[in-house]
Amino acid sequence: MRVEVQDPPIWLNLGAMLVAAALALWLLVRPELISGLPMALRLPAMALGIWALGAAFMQPLGLELRRHWQRRATSPPISLAALAAFTLLVVVRALWLA
Numbered sequence: 004m005r006v007e008v009q010d011p012p013i014w015l016n017l018g019a020m021l022v023a024a025a026l027a028l029w030l031l032v033r034p035e036l037i038s039g040l041p042m043a044l045r046l047p048a049m050a051l052g053i054w055a056l057g058a059a060f061m062q063p064l065g066l067e068l069r070r071h072w073q074r075r076a077t078s079p080p081i082s083l084a085a086l087a088a089f090t091l092l093v094v095v096r097a098l099w100l101a
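Mapping of the sequence shown onto my numbering: residues 4 to 101, in sequence order.
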């Protein structure tokens with residue numbers, strides 16, 4: 004049995020990639036947003052950031068992982084939720100330090 008999978012709209016992929024690029028640049032300019040966290044919070048924040056930013060850049064490039072759980076974790080809506088959570092973490096941290 005063959006199942007057709009619909010691709011998400013192009014604007015969704017491009018929007019996620021733009022948000023991920025902006026976050027990556029922001030963290031290059033202000034690395035203390037993550038590095039200033041205690042180690043118990045820094046490692047999960049780094050893991051969430053790697054997952055969210057990596058998935059946001061994978062989708063528009065058409066890259067897809069082989070295993071089902073990996074493919075599911077890096078495709079919308081799960082990857083978009085991770086990107087939103089990481090964005091919220093960085094914005095709240097920036098407001099906290101300002």
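Using N, Cα and C, we set each Cβ at its ideal position, and we do this for glycine too. The model shown is predicted, which means the values in this text are computed figures rather than measured ones.
- Leu30 and Leu100 have their C-alpha atoms some 14 Å from each other.
- Sequence-distant partners of Gly52 (beyond 5 residues in either direction) whose C-beta falls short of 6 Å from its own C-beta, in its chain, are Phe89.
- The three-state secondary structure of Gly39, taken from DSSP, is coil.
- Inter-segment contact for the segment 34-46 and the segment 10-26 is absent: fewer than three beta-carbon pairs are separated by less than 8 Å.
- Assignment of Arg75 by DSSP, reduced to helix, strand and coil, places it in the helix class.
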